[in-house]
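Worksheet: the structure to be examined is printed underneath.
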Amino acid sequence: MCQEQKGFTLWFTGLPCSGKSAVADRVAEILRSRNLKVERLDGDIVRKSLCRDLGFSREHRNENIRRVTFVAKLLTRNGVAVLTSFISPYREIRDEARREIGEFIEVYVKCPLEVCMARDVKGMYQKAIKGEIKEFTGISDPYEEPLQPELVLETDKETLEESAQKVINCLKKLGYLDHNF
Ligand SMILES: Nc1ncnc2c1ncn2[C@@H]1O[C@H](COP(=O)(O)OP(=O)(O)OP(=O)(O)O)[C@@H](O)[C@H]1O
Ligand SMILES: [Mg+2]
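Using my numbering, you'd call the opening residue of the sequence shown number -16 and step up by one each time.
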């Protein structure tokens, strides 16, 4: 029998437009190409489905993350490689996710606010500055940086491919992937 894949959750956190989804998608692609079981949980999709009833108050953001944690936990314990991409701005709820999930790798997708604002992939920063969106992380709502993440990506200095490779190397170092992966 072939060796069972050990499940884990890669938890990408960072400002809007820092690159969470882009890096998580690329890492998922690499893992799938090696026949690993992979699931992606992305903020944009989850907020239209599992959490479509939620807004962006502190309570609702926490509830959003609690539901995602529940799903990630089930998948992780069934040997799936889970990649989540949520701003998840509050430290306390990320730490709760860590405790619940156990096999938890926090990836801080670090990028200066000015660079995120210049990217403005979905035009949200513009709207937030004009006051058309309230409670927007980085503008009118806080982002609490991870204190001891397993990995920090600096997406203003690295290419997408370099960031993805850093994640793969981290998984190897932590023993989730074979060294010859
Ligand atoms: N090293 C890098 N890593 C990731 N993304 C990068 C990098 N360099 C440039 N980018 C670009 O930055 C943008 C990041 O957008 P992305 O949607 O991934 O951000 P996000 O963190 O998921 O934002 P949101 O919280 O709004 O979902 C993409 O257009 C991506 O191509
Ligand atoms: Mg995203």
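Ideal Cβ positions, reconstructed from N, Cα and C, are used throughout, including at glycine.
On a predicted model such as this, the values are computed, not experimentally measured, just so you know.
Pick from the options that is closest to residue i, judged by C-alpha positions
i     : options                 : result
A11   : R23, N163, I122 and E89 : R23
E46   : Y73, G62 and M100       : Y73
F(-5) : G106, R60 and L66       : L66
F39   : F87, V135, D124 and A55 : D124
K140  : E79, V51, V98 and H162  : V98
A5    : L143, I151 and I76      : L143
Beta-carbon gap between residue i and residue j smaller than 9 angstroms
i    : j    : result
A172 : I13  : The chain is shown only over -16 to 164; residue 172 falls outside these bounds and no answer can be derived.
G62  : K117 : no
E128 : K105 : no
G121 : L19  : no
L134 : K149 : yes
L160 : I151 : yes
Whole-Å CB distance - residue i paired with residue j, under 8 angstroms assumed
i    : j    : result
M100 : Y108 : 5 angstroms
F164 : I88  : Between I88 and F164 the Cβ distance is about 15 angstroms, and since that is not below 8 angstroms, they are no contact.
Close beta carbons around residue i, own chain, < 7 angstroms, minus the five adjacent residues each side
i    : result
A80  : W(-6), I48, T52 and F87
A55  : T(-8), L24, V65, T67 and I84
R60  : G(-10)
D103 : C0 and Q109
Burial state of residue i (16 or more Cβ within 10 Å)
i    : result
L57  : exposed
K3   : buried
S16  : exposed
R82  : exposed
G26  : buried
L136 : buried
Neighbourhood of residue i by C-beta, 8 angstroms cutoff - its chain only, sequence neighbours within 5 removed
i   : result
R50 : V29, L33 and C34
P95 : D139
R41 : Y73
Same chain, Cβ closer than 6 angstroms to residue i, five either side skipped, listed in chain order
i    : result
I76  : N45 and I48
A7   : F(-5), L66 and S68
P132 : E89 and Y91
F119 : A111
H43  : L37
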